[in-house]
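Engineer:
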Amino acid sequence: MDVAELVAAVGEGGLACEKADKIIENVLGTFSLPFAVALNVQVNGEDFVAPMVVEEPSVVAAASNAARMVREGGGFSAEADEPIMIAQVQFDEVPDGARACLRIKQYANELIALGNTAVPGLVRRGGGVRSIEPRYLGDGMLVVHFHVDCRDAMGANLVNTVAEAVADRLQELCDGRTGLRILSNLCDRRKVRVTCCVPARALASDDFDGIEVRDGIVRASRFAERDPYRATTHNKGLMNGLDAVAIATGNDWRAVEAGAHAYAARSGTYSPLCVWRADGNDLMGELELPLSLGTVGGPSRVHAGAKMGLRVVDASSATELAMVAASVGMASNLAALRALATDGIQRGHMALHARSVATAAGAIGADVERVAAHIHGLGDITIDTARRVLAELSRSTTSAPPPAE
Ligand code: NAD
């Protein structure tokens, strides 16, 4: 598809009903979400336009705004591990766990080669099984991890194929009963790390100077580091941006979410994935999480929206896409903390939410902004008020909005 065809297809939701019916079961229709782009995203000195699919008002504007602040400090610096996913092959009733682990290690080369025969296309592209790791879990239960380099794929199907291909030989070696053969979504060998350094002056608002805002963000970060209730919402704000990029590029956001939250809880206490500190006159941010995104495979083959998302971001590899998506997540986190540390989240959020409410009340075209501005000015962002304002607007012969009460 050329760009014009993609743009037209995205305008219609990106997926025709006949195709949707071939992707999942019992299809009634399709379900559209807004497709937008975040601007100002600079990662490792390169500019990216980040595609975002999200239904929540203000996420895109906030991420773009925070990315602009980060840009003033040189943009995001990101690095990522090789795209290694973990296949798990489980056995029960293993008579001697220590002996089984030893035998599996002795036959590691044979097992790696056997796994690779199941994914010849991946091996041809430079990927494949890199190493194996037997783990005895006690009570006769053994699990063997196959570490598979999935190159530009998310890798779930590839890894599952490897897990199934090696199970019989492993069973002979460990003498147990074969259990599950599937990837782990805790892909902690496929982590991405992002840092940024924002000059405090870039954080200033009309009512707060930059250092005040910077210190408020640092206090908010410490709150999240001490309290899982806060850390959950802190991470949700981060995932607002990251998930939106994952969805826009046809990636499995449930896999991304599962891995992120498991990683956030790895110490036994649920913790923030991104932390913020003061450094001189700057704000320093640090983010780390496992991230399995692909630029090939999955819905990207059939969904015009996903194709468009990949075209827009134009990442050179799955690893680069992960670095951009994580940077957008970091921008979302920064935007939320900056708002919370200053005016509170509602001021900006409700202004944008008013547009959704105006639309839900039936406003179209220029009336959306007029009704939204009015109900926001009234401080009463409800459908009933929006309907009343809209009715008054349509009765009015001029285009002036009705007076505020
Ligand atoms: P996939 O099954 O589409 O496989 C990727 C294909 O792309 C392979 O055939 C591979 O050889 C090919 N390919 C072409 N160019 C490549 C390149 N440069 N690098 C790597 N491979 C290349 O996709 P997948 O990534 O194996 O699996 C992703 C799908 O699996 C997602 O749709 C996901 O929702 C689903 N899934 C997820 C889970 C889970 O997360 N628990 C479980 C099952 C399935």
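Heads up, our numbering is the position in the sequence shown plus 3, with the first residue counted as 1.
Glycine included, C-beta positions come from ideal geometry on N, C-alpha and C.
Computed from a predicted structure; not experimentally measured.
Taking the Cβ atom as the reference point for each residue, do I26 and V305 lie within a distance shorter than 8 Å?
Structural biologist: For the purposes of this step, residue 26 is identified with residue 23 of the sequence shown, where counting begins at 1. For the purposes of this step, residue 305 is identified with residue 302 of the sequence shown, where counting begins at 1. Yes, these two residues count as a Cβ contact at 8 Å.
Engineer: Can you tell me where the alpha helix (DSSP H) with V371 in it begins and where it stops?
Structural biologist: As a working note, residue 371 is residue 368 in the sequence shown. For V371, the enclosing alpha helix (DSSP H) begins and ends at A369 to L381.
Engineer: If you pair each beta-carbon of the segment 203–223 with each one of the segment 87–95, do three or more pairs fall below 8 Å?
Structural biologist: no
Engineer: To the nearest angstrom, how far is it from the Cα of G213 to the Cα of A357?
Structural biologist: In the sequence shown, counting from the first residue as 1, residue 213 sits at position 210. In the sequence shown, counting from the first residue as 1, residue 357 sits at position 354. Cα-Cα distance, rounded: 29 Å.
Engineer: Quickly, what does DSSP pair W279 with across the bridge? List them, please.
Structural biologist: Translated into positions along the sequence shown, residue 279 becomes position 276. According to DSSP, W279 bridges with G288.
Engineer: Classify F34 as helix, strand or coil using the three-state DSSP reduction.
Structural biologist: For this step, residue 34 is matched to residue 31 along the sequence shown. Coil.
Engineer: Would you check if the segment 226–243 and the segment 11–28 touch, i.e. whether three or more CB-CB distances between them fall below 8 Å?
Structural biologist: no
Engineer: Give every residue of the same chain whose Cβ lies closer than 6 Å to the Cβ of C177, excluding the five residues on either side of it in the sequence, and list them in chain order.
Structural biologist: What you label residue 177 is simply residue 174 of the sequence shown in a count that begins at 1. So the qualifying residues of the chain are F94, V97, A103 and L145.
Engineer: If you follow the alpha helix (DSSP H) that T235 is in, where does it begin and where does it stop?
Structural biologist: Against the sequence shown, residue 235 aligns to sequence position 232. P231 to A251 is the span of the alpha helix (DSSP H), which, as asked, contains T235.
Engineer: Go through the residues and name those whose CB comes closer than 5 Å to any heavy atom of the ligand NAD, in chain order.
Structural biologist: G124, L125, R128, R154, D155, A156, M157, G158, A159, N160, L161, D255, A258, G297, V299, G300 and G301
Engineer: Count the CB pairs spanning the segment 353–368 and the segment 384–401 that are closer than 8 Å, and state whether there are at least three.
Structural biologist: yes
Engineer: Terminal residues of the continuous beta strand (DSSP E) containing V56?
Structural biologist: Counted from its first residue, the sequence shown places residue 56 at position 53. E49 to V56 is the extent of the beta strand (DSSP E) around V56.
Engineer: For D210, count the other beta carbons within 10 Å of its own beta carbon; 16 or more makes it buried, fewer makes it exposed. Which is it?
Structural biologist: Taking the first residue of the sequence shown as position 1, residue 210 is located at position 207. When all chains shown are included, D210 counts as exposed.
Engineer: Name the two residues that bound the continuous beta strand (DSSP E) containing P411.
Structural biologist: No information on residue 411 is available, as it lies outside the stretch 4 to 408 that the chain covers here.
Engineer: By how many angstroms is the C-alpha of A23 removed from the C-alpha of S303?
Structural biologist: Mapped onto the sequence shown, residue 303 falls at position 300. Mapped onto the sequence shown, residue 23 falls at position 20. Each residue's Cα considered, the two are about 13 Å apart.
Engineer: Report buried or exposed for N29, applying the criterion of at least 16 other Cβ atoms within 10 angstroms of its Cβ.
Structural biologist: Taking the sequence shown and counting its residues from 1, the one referred to as residue 29 is at position 26. N29 should be labelled exposed.
Engineer: For S402, count the other beta carbons within 10 Å of its own beta carbon; 16 or more makes it buried, fewer makes it exposed. Which is it?
Structural biologist: Here residue 402 refers to the residue found at position 399 of the sequence shown. Its pLDDT being 47, under 50, S402 is placed unreliably in this model, and the value from its coordinates should be taken loosely. Its Cβ having fewer than 16 others within 10 Å, S402 is exposed.
Engineer: Answer yes or no: do G54 and T235 have a C-beta to C-beta separation smaller than 8 Å?
Structural biologist: Residue numbering aside, residue 54 sits at position 51 when the sequence shown is read from its first letter. Residue numbering aside, residue 235 sits at position 232 when the sequence shown is read from its first letter. Per the sequence shown, residue 54 should be read as Pro rather than Gly. Their beta carbons are not under 8 Å apart, which means P54 does not touch T235 by this criterion.
Engineer: My guess is that V162 and V147 are in contact by the Cβ rule of under 8 Å, so how many angstroms apart are they, rounded?
Structural biologist: Position 159 of the sequence shown, counted from the start, is the residue given in the question as residue 162. Position 144 of the sequence shown, counted from the start, is the residue given in the question as residue 147. Wrong, their Cβ atoms sit about 13 Å apart, outside the cutoff.
Engineer: For the 8 Å Cβ check, are there 3 or more pairs between the segment 312–321 and the segment 261–279?
Structural biologist: no
Engineer: What's the gap between the Cα of R359 and the Cα of D5?
Structural biologist: Position 356 of the sequence shown holds residue 359. Position 2 of the sequence shown holds residue 5. Per the sequence shown, the amino acid found at residue 359 is Ser instead of Arg. Taking the straight line from one Cα to the other gives about 32 Å.
Engineer: Determine the direct distance from the alpha carbon of G300 to that of A156, and round the result to whole angstroms.
Structural biologist: Here residue 156 refers to the residue found at position 153 of the sequence shown. Here residue 300 refers to the residue found at position 297 of the sequence shown. Approximately 6 Å, taken between the alpha carbons.
Engineer: Measure the CB-CB distance between L294 and A325 and report whether it falls below 8 Å.
Structural biologist: Numbered from 1 along the sequence shown, position 291 holds the residue referred to as residue 294. Numbered from 1 along the sequence shown, position 322 holds the residue referred to as residue 325. It is a contact, given that the beta carbons lie within the stated cut-off.
Engineer: Can you give me the C-alpha to C-alpha distance between P405 and A64, rounded to a whole angstrom?
Structural biologist: Locating residue 405 in the sequence shown gives position 402, counting from the first residue. Locating residue 64 in the sequence shown gives position 61, counting from the first residue. Unreliable positioning characterises P405 in this predicted model, as indicated by a pLDDT of 40, which lies under 50. The coordinate reading is nonetheless provided below. P405 and A64: Cα-Cα distance of roughly 28 Å.
Engineer: Rounded to the nearest angstrom, how far is the Cβ of L125 from that of C153, given a contact under 8 Å?
Structural biologist: By one-based count along the sequence shown, residue 125 stands at place 122. By one-based count along the sequence shown, residue 153 stands at place 150. Right, the Cβ-Cβ distance comes to about 7 Å (below 8 Å), so this counts as a contact.
Engineer: Following the continuous alpha helix (DSSP H) through Y110, name the residue where it begins and the one where it ends.
Structural biologist: Sequence index remark: in the sequence shown, residue 110 carries index 107 (1-based). It is not in any alpha helix (DSSP H) - Y110 carries neither H nor E in the DSSP assignment.
Engineer: List in chain order: all unbroken beta strand (DSSP E) runs of 3+ residues lying wholly within the segment 60–106.
Structural biologist: 80–83 and 87–95
Engineer: Would you call Q45 buried or exposed, if buried means 16 or more other Cβ atoms sit within 10 Å of its Cβ?
Structural biologist: Along the sequence shown, read from residue 1 onward, the residue named residue 45 stands at position 42. Answer is buried; the Cβ neighbour count reaches 16.
Engineer: Measure the C-alpha to C-alpha separation of E323 and A83 and round it to an integer number of angstroms.
Structural biologist: As a first step, residue 323 is located in the sequence shown; it is residue number 320 there, counting from the start. As a first step, residue 83 is located in the sequence shown; it is residue number 80 there, counting from the start. Rounded to the nearest angstrom, the two C-alpha atoms are 8 Å apart.
Engineer: Which word fits Y433, buried or exposed, when buried means at least 16 other C-beta atoms lie within 10 angstroms of its C-beta?
Structural biologist: No statement about residue 433 is possible, as the shown extent of the chain runs from 4 to 408 and does not include it.
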